[in-house]
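Undergrad: Residues in the sequence shown are numbered from -14 upward in steps of one, following my numbering.
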Amino acid sequence: MSSNDNFFEKVYEVARKIPYGRVTSYGAIAKYLGAARSARMVGWA
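1) To the nearest angstrom, how far is it from the Cα of Asn(-9) to the Cα of Ala24?
2) Suppose you measure from the CA of Val8 to the CA of Met26; what does that come to, to the nearest Å?
3) Using only alpha-carbon positions, find the residue among Gly6, Val(-1) and Ser(-12) that is nearest to Ala13.
4) For Tyr17, collect the residues of the same chain with a Cβ closer than 8 angstroms to its Cβ; drop the 5 residues on either side in sequence, then sort them by chain order.
5) Whole angstroms is fine: what's the gap from Ser10's alpha carbon to Ala20's?
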């Protein structure tokens, strides 16, 4: 498994925690994961 795949899995875990009807940004998810400058990569996931 590549590091990108692992990052994507982490993104999916965070996205699953977002309650129905709530919104967030790619940047907010990236910050939550400790990768504040990776908003585009979150979007690709």
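Glycine included, every Cβ here is placed at the ideal spot set by N, Cα and C.
TA: Let's see:
1) As a position in the sequence shown, residue -9 is number 6, starting the count at 1. As a position in the sequence shown, residue 24 is number 39, starting the count at 1. Cα-Cα distance, rounded: 16 angstroms.
2) Mapped onto the sequence shown, residue 8 falls at position 23. Mapped onto the sequence shown, residue 26 falls at position 41. Those two C-alpha atoms are separated by around 18 angstroms.
3) Here residue 13 is taken as the residue at index 28 of the sequence shown, counted from 1. Here the closest residue by C-alpha is Val(-1).
4) Here residue 17 refers to the residue found at position 32 of the sequence shown. Excluding sequence neighbours, Tyr17 sits near Val(-1).
5) Counting from one through the sequence shown, the residue named residue 10 turns up at place 25. Counting from one through the sequence shown, the residue named residue 20 turns up at place 35. When rounded, the distance between both Cα atoms is 13 angstroms.
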